[in-house]
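This report concerns only the one structure given below.
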Amino acid sequence: MKNLVLGVNDVIYRACIATAGLAIVIMALIIPWGVFSRYALGQGLGWPEPIAILLMVLFTFVGAAASYRAGAHMAVQVLSDRLPDVAQPFLTLFVRLAMGAIALFMLIWGYKLCVATWNQYLSTLTWMRVGISYAPIPLGGLITLLFVLEQLLYGDQHKRRVVDYENCEDSKESV
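So for the sequence shown, UniProt numbering puts the first residue at 1; every next one is plus one.
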């Protein structure tokens with residue numbers, strides 16, 4: 001069961017990385033096109049900026065979930081470094097539970113936000129529902145919650161080969 005869960009989360013992690021990377025690449029292509037169109041062609045386009053903002057929101061929430069699993073998120077370790085070794089696992093558990101609560105909040109309230117705004121349309125992109133623009137919030141919350149549960153059940157996974165490409169050996173958690 002453990003290998004199945006870790007394998008599924010590896011696929012989800014790779015999808016998060018690919019989605020975040022693709023969002024950045026598309027942003028890097030459409031923003032210069034918008035600038036070129038405005039200044040070289042003399043025709044300002046209304047769609048590049050809102051699409052870039054939507055892609056940045058997607059990048060942020062999906063990329064943050066992947067970053068959490070990889071252990072690459074920001075962490076203040078002033079307190080944990082000064083605690084005795086006996087107390088550090090309790091602090092780690094508290095942090096993981098707090099992160100799970102935040103992810104659950106994002107999932108529930110993000111979903112409610114999507115539902116509440118589903119019948120509205122973006123003013124700059126009249127074909128796109130506002131609820132779709134908020135969809136990365138509950139999606140990121142769900143993925144983060146999966147990664148938090150993984151850490152609670154199977155330990156830290158940031159040394160797995162799928163996460164740490166420079167690591168030649170799989171971690172003890174991946175066995």
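All residues carry an ideal CB built from backbone N, CA and C; glycine is no exception.
- Within the same chain, and ignoring the five residues on either side of L54 in sequence, the residues whose Cβ sits closer than 6 Å to its Cβ are S133.
- The stretch 7-21 makes contact with the stretch 61-72; the number of CB pairs closer than 8 Å reaches 3 or more.
- Minimum Cα-Cα distance from V25 among the listed residues L58, T92 and I143 corresponds to L58.
- Counted as a single uninterrupted DSSP element, the alpha helix (DSSP H) harbouring K2 occupies residues K2 to Y39.
- Excluding sequence positions up to five before and after Y154, its CB lies within less than 8 Å of the CB of K2, V5, L6 and E173, all in the same chain and listed in chain order.
- Using a Cβ distance threshold of 8 Å, Y121 and P138 do not count as a contacting pair.
- With contacts defined by Cβ atoms closer than 8 Å, G140 and C114 do not form a contacting pair.
- The distance from the Cβ of R69 to that of V163 is about 6 Å, consistent with a contact at the 8 Å cut-off.
- Here V78 is exposed: its Cβ has fewer than 16 other Cβ atoms, across all protein chains shown, within 10 Å.
- Between the C-alpha atoms of L152 and P89 there is a straight-line separation of about 11 Å.
- Here Y13 has A66, R69, V162 and V163 as same chain residues with Cβ atoms under 7 Å from its own Cβ, once five neighbours each way along the sequence are excluded.
- Here DSSP, grouped into helix, strand and coil, assigns R82 to helix.
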